[in-house]
Amino acid sequence: MVLSTRCGQATASLLRQRCLAESRRSAFALRSFSSQSTVHSVASSLRLQQKTPSPWRPQQLRSFSSALTRFASESTNAPSAESYLASGIVKPGRNLVDVKKVLVIGSGGLSIGQAGEFDYSGSQALKALKEAGVESVLINPNIATIQTDHKLADEVYYLPVTPEYVTYVIERERPDAIFLSFGGQTALNLGVQMNRMGIFERYGVRVLGTSIKTLETSEDRDLFAKALNEINIPIAESIAVNTVDEALKAAEEVGYPIIVRSAYALGGLGSGFANNAEELRNLASRSLTLAPQILVEKSLRGWKEVEYEVVRDADNNCITVCNMENFDPLGIHTGDSIVVAPSQTLSDEEYHMLRTAAIKIVRHLGVVGECNVQYALQPDGLDYRVIEVNARLSRSSALASKATGYPLAYTAAKIGLGHTLPELPNAVTKTTTANFEPSLDYIVTKIPRWDLSKFQHVNRDIGSAMKSVGEVMAIGRTFEESFQKAIRQVDPQFLGFQGDKFENLDDVLRNPTDRRWLAVGQAMIHENYSVDKVHELTKIDKWFLYKLQNLVDCQNELKEIGSLFGIQKETMLKAKKLGFSDKQIALLVGSSEDDVRARRKSFGITPWVKKIDTLAAEFPADTNYLYTTYNATSHDVTFDDHGIIILGSGVYRIGSSVEFDWCAVNATLSLRNMGKKTVMINYNPETYSTDFDTADKLYFEELSYERVMDIYELETASGVVVSVGGQLPQNIALRLQETGGAHVLGTNPIDIDKAEDRHKFSQILDSIGVDQPAWKELTSVTDAERFAESVGYPVLVRPSYVLSGAAMNVIYSQDELKEKLLNASAVSPDHPVVITKFIEGAQEIDVDAVASNGKLLLHAVSEHVEPAGVHSGDATLVLPPAYLDESVMGRVKEIAEKVAKAWNITGPFNMQIIKADQEGTQPELKVIECNLRASRSFPFVSKVLGTNFIDTATKALVGRDVPEPVDLMAEKRDYVATKVPQFSWTRLAGADPFLGVEMSSTGEIACFGKDLVDAYWASLQSTMNFRVPEPGEGILLGGDIKNPALAKIVEYLQPLGYKFFAASPSVKTHIESTAKEDVSVQVIEFPKKDKRALREVFQKYNIRGTFNLAKTRGKTLLDEDYVMRRNAVDFGVPLFMETKTALLFAQAMSEKLPRSEGIPSEVRSWSEFAGGKLL
């Protein structure tokens, strides 16, 4: 059991709760509860009593414990927030802030370092405002999220989160106040900047919650160090510097090894370690391009990293909600670390020392709301350092909130409105107030998900700068159970704690990469490393390693048994208690998952369902927040709802992100509106779907066949929805129905399989007369070469069953084909490879639709700006289409109707069609893909067209209130929206910023406008840290010299007075000879190997924009175009690397610059564009 070692803490919390229950009888008890009281608290007076020797102490203790037992059994006297508030001891709402309208700043597109956790926190803030009857205005260009639905905010503006645009909105809306702490680093930096510009003062906008002064103190390293010195809290010795030379001087003073950090940066962007002056020079020059000030500090690598989440109100009540410990020692960014909560290896003394320090810091800084304090703790002593304080909601606070069941963001918003902690009831448990510290009787493990294998040349080391795109959270009652669950959640291909082949194992253990835990697994399972040896190499605390050793021992025990029938009940139960899955056990004893499941059930071994009740089951609590475990003997809930199970989308990764969470949440809300009971299964702590009030029951669980069937059987569910959570639920749909006998709602999984399997898919298309590109399925390299010759290169190579184009490639020659085929077999051992003729320069069209029993109900047609060959997740979508004529739109609708009928679709589906122009006749339309599930663009089309596609789809799934078909595309609209990708190239050192059939964006953004130029202009400025090159600045040009677009771009920009530069004379000649106007391009020096010298070149010529239109990826690291693209990204210069979008932006610059007076036309709210509210 993960029982807290902190009995003292538990007793204190019991006593605190007791004070509440007896508050009517005694006002003294309450005084002890308030944090400013000078009277000793009950707990401390108990401690005083214990110090005096007393003859009747055993008697006293016995009576105390029996009183506790009695107290626990008298459920009538259980602490109740209502009775405590009704007692009138706390006067609620004395200091409420008088506001009528609040502006909430969102975080923009999902990127590495700032992902879905801000959708969740911003949504909770909007919920709190709605409850308080305060009008809310939201600025957030992220169209895929729940918070930008009209359910929560009164007005939504899809606009860049920049001072310029936020000021326009303030001018239009005239809010009284603004919330800055719910939009991540983006919102925080914006607030600090606008405050310096005096904008808040000019318009009389007050900042709610933590003040700007506190935000600046926590972000500016010098101020922060001064503030902490005032209260004698140790921080890592550091010197703030603004130039590379200052950094080198500082390092001499502090002494190597050192760590460099950036101020005002997100997720450790621009930070890193340096062991000598040369390393520091390179690191500092890169970091200073990303932030104005950097910090040189002594490295504490190898110390423990611990975090506390603290909440404080304006009355100075302060509590710590959760503490977390990193599995990895200091040196890996907490966002890239495996994290456990509550901490496991701290002594009571260490725990309380850091807790006291956290409260002291938060009070001293004057944080109002939620705050996160990160520490480095000496592994074998009581020395510690504060690493940083985030005075805003962060990734860690989303994790803490989900791990404890304490609604941090909601509470922080209420505090911002002037409420105090003792007067707020806890919205989750409904039986306590918000002024309590949760205690946990389970353990939570968070593991990050990286997708580094998708990028060429990328550096896979992990360190102080974050690289992961998402994270999972698993709940168990032992570390082993929780850890193995988390591993399987990261990627279904992992079965649990396992190893992998490494060329130099010791090296990977010493220098962490994204495959670190696999290296630990390899060492312990296959190479027989001892705990001491692994600890020596990794500095991971031995407590964790001994736990992992338990897993290794159990694996060996199962291997020795060697057959399923050799496994007896106690061995089976032991393995399940340690978190082994049926599939994992099957592999170890040479059996199959279904047989293991049957044997397990024959022993009567099934999981128990437990609540996350934040009170360690010490008090009655009413929560719907559940997990399953084998380390229990009873259920905490009853199963008489027979609800509908909705499968969520799991971990955010490249290709499946917040847009699927939007779909899952909307499906859940639609079902609830129809009066159906809902059960959500998902394990992503960053999401809205895992919030306590989304579904009737929430299981924080794996989306594996085993676990979904366990829950389905326990709940005796009435159905399961597999079409709103992306690809993960689709992959198990057929098995749920055929093997598990589950009732899958909507399209029959057998039909889903007919769309996923290329053969069946193609045959059906042929039978209904719908065109497709020439293709063939092949099993050998020679056949493949023969087919490619016959249709002519280029060809597209793809395996079956893929998400976001994994292992798909466009091939231009025979040698390339050989090389790639050897690669593709590793992706799909059971599936042969499909080769398709690739049509160059064709336009791609996306169709999102909903059908019921094969009849089309709704459809949306969006066009891509980029030509086919750029993955649809990385493409710019335009809706309503700007360049498709009526006849093409009609034919597209016809195809959608045929497909819906042929697959007998019920629910959502999505198709990708390419349009290849023919001379003299109408263009060919060929279907290249069809997914019988909701797609990435569902939230986009729903919001742009003002019709909730998922709501209609859900009605079709259950066959109730199904609406009549409507042709939304027939309506004429006077606006256009463009959806653009959000890339995170800055984070992925070395990766080549180039677009292809593999998806590489981490998020998306959409803005509206009166025409394409307006919408695209706003959309691109909404991407992270995008700065428009201003007239008169330098533009660097490069790429394919056969491309006529380079000259066209120069023609658009020439009249604005930009200066043009090129790295090679051939580019200069090409542009000057093909441009219509008289233009001059200057060839500049271009050092490819020396990053520092190159940065100086960018500064010397004031290069503020790069257009690099190369035809193919750079083959080597010294390819001129690769160096240009990569360094533009590293130096924070906007990069345009695709012809069509580069031309579109150049056109936008020529029309929009110089900026005219007044508020621009794209600054309108969603309801003004789409006219009305989302249903």
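Going by the UniProt record's numbering, the sequence shown opens with residue 1, and the numbers climb by one from there.
We put the beta carbon where it would ideally sit given N, CA and C, even for glycine.
Bear in mind that the values here come from a model prediction, so they are computed numbers and not experimental data.
*asked:* If we require 4 or more residues per run, which alpha helix (DSSP H) segments fall completely within the stretch 128-188?
replied: 163-173
*Using the Cα positions of S1073 and R1104, report the straight-line distance between them to the nearest angstrom.*
As a first step, residue 1073 is located in the sequence shown; it is residue number 1073 there, counting from the start. As a first step, residue 1104 is located in the sequence shown; it is residue number 1104 there, counting from the start. Each residue's alpha carbon lies about 24 Å from the other.
*What three-state label does DSSP hand A981 in the structure shown?*
Along the sequence shown, read from residue 1 onward, the residue named residue 981 stands at position 981. According to the sequence provided, residue 981 is Pro. The question's Ala does not apply to it. Three-state result, P981: strand.
*Name the residue from V1067, F1086, R1113, T986 whose alpha carbon lies nearest to the alpha carbon of K1100.*
On the sequence shown, residue 1100 is found 1100 positions in, with the first residue counted as 1. When each option's Cα is compared against that of K1100, the closest is F1086.
*Which residue's Cα is closest to the Cα of V609: A632, A598, G590, L382?*
Mapped onto the sequence shown, residue 609 falls at position 609. Selected option, being the one with the closest Cα: A632.
*Quick one: what's got a C-beta closer than 7 Å to S1165's C-beta in the same chain, skipping five residues either side?*
To locate residue 1165, count along the sequence shown from 1; it is residue 1165. Answer for S1165: E155, V156, Y157, listed in chain order.
_Alpha carbons only, please: which of K1042, S1066, S1080 is nearest the one belonging to E1051?_
Against the sequence shown, residue 1051 aligns to sequence position 1051. It is S1080 whose Cα lies nearest to the Cα of E1051.
*asked:* Within 8 Å, do at least three Cβ pairs link the stretch 971-988 to the stretch 996-1015?
replied: yes
*Just checking, does the stretch 400-411 make contact with the stretch 278-288 on the three C-beta pairs under 8 Å criterion?*
no
*Just the C-alpha distance for D553 and T445, rounded to the nearest angstrom, thanks.*
By one-based count along the sequence shown, residue 553 stands at place 553. By one-based count along the sequence shown, residue 445 stands at place 445. In a straight line, the C-alpha of D553 is about 21 Å away from that of T445.
_Going by DSSP in three states, T320 sits in which element: helix, strand or coil?_
Mapped onto the sequence shown, residue 320 falls at position 320. Three-state DSSP puts T320 in a strand.
_Unbroken stretches of the beta strand (DSSP E), 3 residues or longer, contained in the UniProt domain "MGS-like" (1026-1175)_ = 1034-1039, 1059-1062, 1081-1083, 1103-1109
*When the Cα atoms are used, what is the spatial distance from T1139 to E866?*
For the purposes of this step, residue 1139 is taken as the residue at position 1139 of the sequence shown. For the purposes of this step, residue 866 is taken as the residue at position 866 of the sequence shown. Going by the C-alpha atoms only, they are around 8 Å apart.
*asked:* Need the endpoints of the alpha helix (DSSP H) that residue 1188 sits in, please.
replied: As displayed, the chain neither begins before 1 nor continues past 1175, which places residue 1188 out of reach and without an answer.
*State the Cα-Cα distance for the pair G310 and C322, rounded to the nearest angstrom.*
The residue given as residue 310 occupies position 310 in the sequence shown. The residue given as residue 322 occupies position 322 in the sequence shown. In the sequence as displayed, the identity of residue 310 is Val instead of Gly. V310 and C322: Cα-Cα distance of roughly 8 Å.
_Simplified DSSP state of A598, which is helix, strand or coil_ = Your numbering for residue 598 matches position 598 in the sequence shown. DSSP places A598 in helix when its eight states are reduced to three.
*So, is Y546 buried or exposed, given that buried needs 16 or more other C-beta atoms within 10 angstroms?*
Sequence index remark: in the sequence shown, residue 546 carries index 546 (1-based). So Y546 counts as exposed.
*asked:* Can you check whether the C-beta of I835 is within less than 7 Å of a C-beta belonging to chain D?
replied: Among the chains of the structure shown, chain D does not appear; only one protein chain is present.
*For the beta strand (DSSP E) holding S680, just list the boundary residues, first then last.*
Translated into the one-based positions of the sequence shown, residue 680 becomes position 680. In the sequence as displayed, the identity of residue 680 is Met instead of Ser. Counting along the chain, the beta strand (DSSP E) containing M680 begins and ends at 678-682.
*Answer yes or no: the CB of S285 versus the heavy atoms of the ligand SAH, is any distance below 6 Å?*
Among the components of this structure there are no ligands whatsoever, and the ligand SAH is therefore not found.
_For G675, the residue or residues it bridges with in DSSP_ = Looking up residue 675 in the sequence shown gives position 675. Bridge partners of G675: none, in fact.
*Using DSSP with H/G/I as helix, E/B as strand and the rest coil, what is F327?*
The residue labelled residue 327 in the question sits at position 327 within the sequence shown. DSSP places F327 in coil when its eight states are reduced to three.
*N-terminal and C-terminal residue of the beta strand (DSSP E) that T538 is part of*: In the sequence shown, counting from the first residue as 1, residue 538 sits at position 538. Premise fails: T538 lies in the alpha helix (DSSP H), 531-538, not in any beta strand (DSSP E).
*Please name the residue or residues paired with D461 in a DSSP beta bridge.*
As a first step, residue 461 must be located in the sequence shown, where it is residue number 461. D461 pairs with T513.
_Residue closest to F497, alpha-carbon to alpha-carbon, out of G521, V508, S723_ = As a working note, residue 497 is residue 497 in the sequence shown. The shortest C-alpha separation from F497 is found at G521.
*From which residue to which residue does the alpha helix (DSSP H) around T356 run?*
As a first step, residue 356 is located in the sequence shown; it is residue number 356 there, counting from the start. Looking at the DSSP string, the run of the alpha helix (DSSP H) that includes T356 is 348-365.
*Return the bridge partner residues of E844 from the DSSP annotation.*
Residue numbering aside, residue 844 sits at position 844 when the sequence shown is read from its first letter. Answer by DSSP bridge pairing, in chain order: I914.
*Please state whether DSSP places H864 in a helix, a strand or coil.*
Looking up residue 864 in the sequence shown gives position 864. If DSSP states are grouped into helix, strand and coil, H864 belongs with the strands.
*Straight-line Cα distance separating Q489 from Y308*: In the sequence shown, counting from the first residue as 1, residue 308 sits at position 308. In the sequence shown, counting from the first residue as 1, residue 489 sits at position 489. Rounded to the nearest angstrom, the two C-alpha atoms are 25 Å apart.
*Would you tell me roughly how many angstroms separate the C-alpha atoms of V744 and N666, rounded to the nearest one?*
As a first step, residue 744 must be located in the sequence shown, where it is residue number 744. As a first step, residue 666 must be located in the sequence shown, where it is residue number 666. If you take the alpha carbons of V744 and N666, they lie about 18 Å apart.
*If you draw a straight line from the alpha carbon of N326 to that of D1121, how long is it in whole angstroms?*
Looking up residue 326 in the sequence shown gives position 326. Looking up residue 1121 in the sequence shown gives position 1121. Roughly 40 Å separates the two Cα atoms.
*Opening and closing residue of the beta strand (DSSP E) in which Q374 lies*: On the sequence shown, residue 374 is found 374 positions in, with the first residue counted as 1. It spans 369-377 - the beta strand (DSSP E) in which Q374 sits, taken as one unbroken run.
*Do you know whose CA, among L354, G719, A970, lies nearest H642's CA?*
Translated into positions along the sequence shown, residue 642 becomes position 642. Answer by Cα proximity: G719.
*Continuous alpha helix (DSSP H) stretch holding R221: start and end*: Within the sequence shown, residue 221 is the residue found at index 221, counting from 1. Run containing R221: 221-230, per the alpha helix (DSSP H) assignment.
*In terms of residues, what are the limits of the beta strand (DSSP E) holding Y384?*
If you number the sequence shown from 1, residue 384 lands on position 384. Where Y384 is concerned, the enclosing beta strand (DSSP E) stretches over 384-390.
*How big is the Cα-Cα spacing for L295 and F603?*
Taking the sequence shown and counting its residues from 1, the one referred to as residue 295 is at position 295. Taking the sequence shown and counting its residues from 1, the one referred to as residue 603 is at position 603. Taking the straight line from one Cα to the other gives about 60 Å.
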